[in-house]
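Sequential numbering of the sequence shown, starting at 1, is according to our numbering.
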Amino acid sequence: MRAITISEPGGPEALVWTEVPDPEPGPGEVIVEVRASGVNRADLLQRQGHYPPPPGAPAYPGLECSGVIRAIGPEVTGWQVGQEVCALLAGGGYAERVAVPAGQLLPVPAGVDLVEAAALPEVACTVWSNVVALGRLAKGETLLLHGGGSGIGTFAIQLGVALGATVVVTARAAKHDRLRELGAAHTIDYREQDFVEEVRRVTDGRGADLILDIVGAAYLPRNVAALATGGRLVVIGLQGGRKGELDLGALLAKRASVAATSLRSRPLAEKAEIVRGVREQVWPLVESGAIRPIVDRLVRMADAEDAHRLVETSDHLGKVLLVR
């Protein structure tokens, strides 16, 4: 088969479409013929040499895909050859075929195109596990999302609204109209506005009950300042650095909490549990139309370097997909 390999850590030109060995299904795995694969910022980090795949994962980038099951390994039940699926991956999505643990498979939701389904697994699992399972977002609460125009952000807006929360987002001003169409009640231009002041203003001084943060260190003190009493800060990205100063006194005064999580390196059993939660709680919202995949554009998989250049600019809204 062919796959996108990384010739050496570096820029987008390091991505090379080349022949590689075909995958074989191990126990508990299926082989998916890939129709489309989502581009995530983790893929950019892997290309740069900063985020190697976990042990046993394919060396090729790609943390989610959609396609058709072409082979089933031992100990797999409940799936059939020829079935259309999408999948959460530890790697290998930038390829014509990929081996997937059966616990990380999802059926393509009714009403969603097979290609567009590739935009769902990574964001759905990330958002559900952090906003619902860990963050315990409840009806009537305020959810602050950083990076509202990203794949994570556009999905989290819709899920937050579906759960009855008031959603506030930070994003470039050019994206605000579209984010309000998705359900964001308030949009903040992080380049021109102080998000702490804006969150306090729109919540009558109370602050955000839950903050989902992709920035990390650069936002840590301000995120704590923006939390409501009993608020929860969940950090899922480090675009603004790894190390920041945490005011424990402010955290204590608010009886607030800070958590940080990643998805890729979790054990198979934990990923399977998250996938089950998504299938039970999120897929019905997708099939009802309350949540839909937001796709900025499609790029040929062989031209993955073009997709990486686009994602690096952050000019896109929602997901960029590679298609075969």
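Every residue, glycine too, gets a C-beta built ideally from N, C-alpha and C.
In this text the structure is predicted, and so the values were computed from the model without any measurement.
The count of Cβ pairs closer than 8 Å, one atom from the segment 253-271 and one from the segment 180-191, stays below three, leaving the stretches out of contact. Looking at the DSSP output, residue 67 shares a beta bridge with 34, 85. Ranked by how close their Cα comes to the Cα of residue 205, the residues 35, 46, 142 have 142 in first place.
Just measuring C-alpha positions, the residue of 241, 46, 125 sitting nearest residue 61 is 46.
By the C-beta density criterion, residue 262 is exposed, having fewer than 16 other C-beta atoms within 10 angstroms. Residue 12 is positioned such that its CB atom lies no closer than 8 Å to that of residue 276.
DSSP places residue 229 inside the beta strand (DSSP E), whose first and last residues are 227-235.
For residue 152, the uninterrupted alpha helix (DSSP H) run begins and ends at 151-162, by DSSP. Contact annotation: the segment 23-40 touches the segment 85-95, with at least three C-beta pairs closer than 8 Å. Counting only residues of its own chain and dropping the five nearest sequence neighbours on each side, residue 134 has a CB closer than 7 Å to the CB of 234, 259, 261.
Taken in chain order, the complete alpha helix (DSSP H) segments of 4 or more residues contained in the segment 165-245 are 176-182, 195-202, 220-226. Taking C-alpha positions only, residue 68 is separated from residue 85 by approximately 6 Å. Within the same chain, 143, 167 come within 6 Å of residue 160 by CB-CB distance, once the 5 residues on both sides are set aside.
Taken through DSSP and simplified to helix, strand or coil, residue 112 comes out as coil.
In the same chain as residue 43, and ignoring 5 residues on each side of it, the C-beta atoms closer than 6 Å to its own belong to 61, in chain order.
Here residue 198 is buried: its Cβ has 16 or more other Cβ atoms, across all protein chains shown, within 10 Å. The C-alpha of residue 189 is placed about 5 Å away from the C-alpha of residue 173. In the DSSP assignment, residue 320 forms a beta bridge with 297. When DSSP states are grouped into helix, strand and coil, residue 95 belongs to the strand group. Distances from the alpha-carbon of residue 268 to those of 28, 8, 301 put 28 closest.
By the criterion of at least three beta-carbon pairs nearer than 8 Å, the segment 229-247 is in contact with the segment 210-220.
With contacts defined by Cβ atoms closer than 8 Å, residue 87 and residue 105 form a contacting pair. In the same chain as residue 74, and ignoring 5 residues on each side of it, the C-beta atoms closer than 6 Å to its own belong to 27, in chain order. Here residue 296 is buried, its C-beta having at least 16 other C-beta atoms within 10 Å. Note on residue 24: under 16 other CB atoms within 10 angstroms of its CB, so exposed under the neighbour-count rule. In the displayed model, residue 128 falls within a helix according to three-state DSSP.
Per DSSP, reduced to three states, the secondary structure at residue 261 is coil, with no helix or strand assignment. For residue 16, the enclosing beta strand (DSSP E) begins and ends at 15-19. Out of 270, 6, 3, 137, the CA that lies nearest to the CA of residue 231 is found in 137.
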